[in-house]
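Have a look at the structure below before the remarks.
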Amino acid sequence: GENVEQHPSTLSVQEGDSAVIKCTYSDSASNYFPWYKQELGKGPQLIIDIRSNVGEKKDQRIAVTLNKTAKHFSLHITETQPEDSAVYFCAAMGPSDYKLSFGAGTTVTVRA
Amino acid sequence: IAGITQAPTSQILAAGRRMTLRCTQDMRHNAMYWYRQDLGLGLRLIHYSNTAGTTGKGEVPDGYSVSRANTDDFPLTLASAVPSQTSVYFCASSLSGATGELFFGEGSRLTVL
Numbered sequence: 078g079e080n081v082e083q084h085p086s087t088l089s090v091q092e093g094d095s096a097v098i099k100c101t102y103s104d105s106a107s108n109y110f111p112w113y114k115q116e117l118g119k120g121p122q123l124i125i126d127i128r129s130n131v132g133e134k135k136d137q138r139i140a141v142t143l144n145k146t147a148k149h150f151s152l153h154i155t156e157t158q159p160e161d162s163a164v165y166f167c168a169a170m171g172p173s174d175y176k177l178s179f180g181a182g183t184t185v186t187v188r189a
Numbered sequence: 233i234a235g236i237t238q239a240p241t242s243q244i245l246a247a248g249r250r251m252t253l254r255c256t257q258d259m260r261h262n263a264m265y266w267y268r269q270d271l272g273l274g275l276r277l278i279h280y281s282n283t284a285g286t287t288g289k290g291e292v293p294d295g296y297s298v299s300r301a302n303t304d305d306f307p308l309t310l311a312s313a314v315p316s317q318t319s320v321y322f323c324a325s326s327l328s329g330a331t332g333e334l335f336f337g338e339g340s341r342l343t344v345l
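Chains as they are written, first to last, in this note's numbering: chain A, 78 to 189; chain B, 233 to 345.
Here is the structure:
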């Protein structure tokens, strides 16, 4: 099955700086890569996703890049704000079983 | 407000007891999922259902069972709880298995002593 690795496990950034989280996946057939944000005491919520036919997608301060050759994808948060503090999960989905495999998560802390 | 409702929010359970975690969605989504979340391991799929009447095993199905009698409900049962099942359990749904986006409930924190 799919194996997704996520780094770093924790990330502390100064407010206004950028944050980058990286993930690798094992199944070259995977074609859908979402990112979820989980705030304390809540369930994860989709913030951005990318499919294998594009290399980059941006939504305001967040962007995701995908390198299919290297089998890795990254989340970029610019101009971080205190409300960006949360746990972020990357995931990958294969084309046949439609099941998401999640990374272990990154705890992001934005220092004021 | 449309969404997913899980119950109970939190439960402490003696080992060996039977427990059912409830999950209801009102979005008329076809696919539903149960994940467990453990520190350092992320979210791991326990069981899923692509449509009412069908279920499938995920990554960590042992010790758990599910049923999908209708579109809205997807209960998760621990037949005889063990301490290693101490975790936070999340129910999720999606319009279909192929669409990708999951909508999660608020979670059920289960402690097995």
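For glycine and all other residues, C-beta sits at the position ideal for the given N, C-alpha and C.
Since the structure is predicted, the reported quantities are computational estimates derived from the model, not experimental observations.
Residue burial annotation: Ile-154 of chain A is buried, with at least 16 other C-beta atoms found within 10 angstroms of its C-beta. At a cut-off of 8 Å between beta carbons, Lys-134 of chain A makes no contact with chain B.
Separation of the CB atoms of Leu-245 of chain B and Ala-311 of chain B is rounded to 12 Å, and the pair is thereby denied contact status at 8 Å. Leu-88 of chain A has a beta carbon lying at 8 Å or more from every beta carbon in chain B. In the three-state reduction of the DSSP assignment, Gln-317 of chain B falls in the helix class. Within the stretch 157-189 of chain A, the beta strand (DSSP E) runs of at least 3 residues that lie entirely inside it are, in chain order, 163-170, 177-179, 183-188. Collapsing the DSSP output to three states places Pro-307 of chain B in coil. In the three-state reduction of the DSSP assignment, Ala-96 of chain A falls in the strand class, which pools E and B.
In terms of beta-carbon proximity, Phe-306 of chain B stays away from the interface with chain A, with every pair separated by 8 Å or more. One Cα belongs to Thr-309 of chain B, the other to Ala-284 of chain B, and the distance between them is close to 17 Å. Counting only Cβ-Cβ distances below 7 Å, Tyr-280 of chain B has contacts in chain A at Lys-176, in chain order. If you check the CB distance, Phe-336 of chain B and Pro-111 of chain A do not come in under 8 Å. For a cut-off of 8 Å, the C-beta gap from Leu-152 of chain A to Glu-333 of chain B is around 16 Å, too long to register as a contact. Only Gly-118, Lys-119, Gly-120, Pro-121, Gln-122, Leu-123, Asp-126 from the stretch 118-152 of chain A bring a Cβ to less than 8 Å from some Cβ of chain B.
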